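Q:
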Amino acid sequence: MSSLTALIFLFSLAIGSLVVVSLLNERERRQKIVRQKLHQIKIRANDLEELVIAIDHLVETRAIPRLINEAIIEMLMEVKDTHPEASYLQAAYRSAISRHDSLSDETEVRELDRLKESDKQIALAQAQLNEAGKVIRKQQSFGKISLDEMNAFITELAWSHIVIKVFTYIGQGHRAMSKNDILSAHAFYKKAQQILSKSTHTNPDRHTMIKEISEMLANKRKSLSENLMPETHMNPLSGDSKPLDLEDI
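Quick note, the sequence shown lines up with residues 679 to 927 if you use my numbering.
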């Protein structure tokens with residue numbers, strides 16, 4: 679083999695090696711992008727799952743959490759079959775399907791949790807409602823729901839946004855009442871009533887709540903009707919406090 683032939687051979691070998699390395703690097707880059715995408719999908723699916731669970735305890739009907747859960751199913755369907763190696767996506771998909779059956783049952787007993795213990799909890803719950811609104815708007819932009827359905831869902835979320843604060847103030851009033859702190863109880867009930875009075879929400883329960891809070895302030899009732907506020911765990915028991923005498927306030 680001549681020197682020129684050897685040189686050409688070595689040069690070709692070097693070029694070939696560079697091509698192979700370049701192809702391997704490109705393959706690794708693409709695989710890394712795929713892994714990152716799947717990881718992002720996993721995180722998003724987990725976040726939406728947590729949102730479904732939270733919203734199911736903040737709204738009165740299950741249509742909204744069911745819609746969010748459907749968004750999870752649709753997202754996972756796009757990738758689970760093309761990436762069977764991602765077992766965590768398969769598991770998340772099965773969980774979402776199972777959860778869909780549960781969310782489709784409006785008669786299932788569940789506890790609403792709109793009475794919070796702190797401003798931090800109120801802020802978190804309201805942020806979850808806002809995030810649910812973003813998902814709903816995106817689903818409408820994808821043609822999954824009509825504009826009327828979207829508006830109805832947003833209206834329901836807005837009502838929950840209001841009653842979280844209202845019920846929390848009422849709960850604080852009940853706590854004060856159980857300690858015979860009539861002045862503080864009156865102040866908390868008043869705050870709850872003012873939120874409802876200032877609101878322009880069309881939910882018919884708003885006027886009924888305002889009326890019943892007035893009755894609470896006049897010592898004609900101790901708490902809101904259970905159908906209005908199912909969160910009854912802080913309701914004062916009969917005999918827990920002296921009558922609310924407005925002359926003492």
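For each residue, glycine too, the CB sits at the ideal point set by N, CA and C. Model, not experiment: these values are computed from the prediction.
On a Cα-Cα basis, can you pick out the residue from A732, I742 and A769 that is closest to K720?
A: Of the listed residues, the one whose Cα sits closest to K720 is A769.
Q: For I800 and I840, which I take to be in contact (beta-carbon distance under 8 Å), what is that distance rounded to the nearest angstrom?
A: The pair is not a contact, with the Cβ atoms about 11 Å apart (cut-off 8 Å).
Q: Measure the C-alpha to C-alpha separation of A810 and L729 and round it to an integer number of angstroms.
A: If I take the Cα positions, the gap works out to 7 Å.
Q: By DSSP, does G851 sit in helix, in strand, or in coil?
A: Helix at G851.
Q: Can you find at least 3 beta carbon pairs, one from the region 821-835 and one from the region 867-878, that sit closer than 8 Å?
A: Because the criterion of three Cβ pairs below 8 Å is not met, the region 821-835 and the region 867-878 do not touch.
Q: When you compare only the Cα positions, how much space is there between I733 and L915?
A: The alpha-carbon atoms of I733 and L915 are separated by roughly 29 Å.
Q: Could you tell me the distance, in whole angstroms, from the CA atom of K869 to the CA atom of N747?
A: C-alpha separation (whole angstroms): 35 Å.
Q: What's the gap between the Cα of H778 and the Cα of E752?
A: Using only the alpha carbons, I get a separation of about 12 Å.
Q: What separation, rounded to the nearest whole angstrom, lies between the Cα atoms of E784 and D883?
A: Rounded to whole angstroms, E784 to D883 spans 20 Å at the Cα level.
Q: How far does the alpha helix (DSSP H) with F820 in it extend, from its first residue to its last?
A: Neither: F820 is in no alpha helix (DSSP H) and is coded neither H nor E.
Q: Pull up the CB-CB distance for H864 and L902, whole angstroms please, since I reckon it's below 8 Å.
A: Rounded, the Cβ-Cβ distance is 16 Å, inconsistent with contact.
Q: Determine whether the beta carbon atoms of K750 and L726 lie at a separation below 7 Å.
A: At residue 750 the sequence reads Ile, which differs from the Lys that was named. Result yes, Cβ atoms of I750 and L726 sit closer than 7 Å.
Q: Identify every run of the alpha helix (DSSP H) within the region 777-831, keeping only runs that are complete inside it and at least 4 residues long; order them along the chain.
A: Runs found: 797-819.
Q: So within the region 831-914, which uninterrupted beta strand (DSSP E) runs reach at least 3 residues, ignoring any that extend past its ends?
A: None, since the region 831-914 contains no complete beta strand (DSSP E) of that length.
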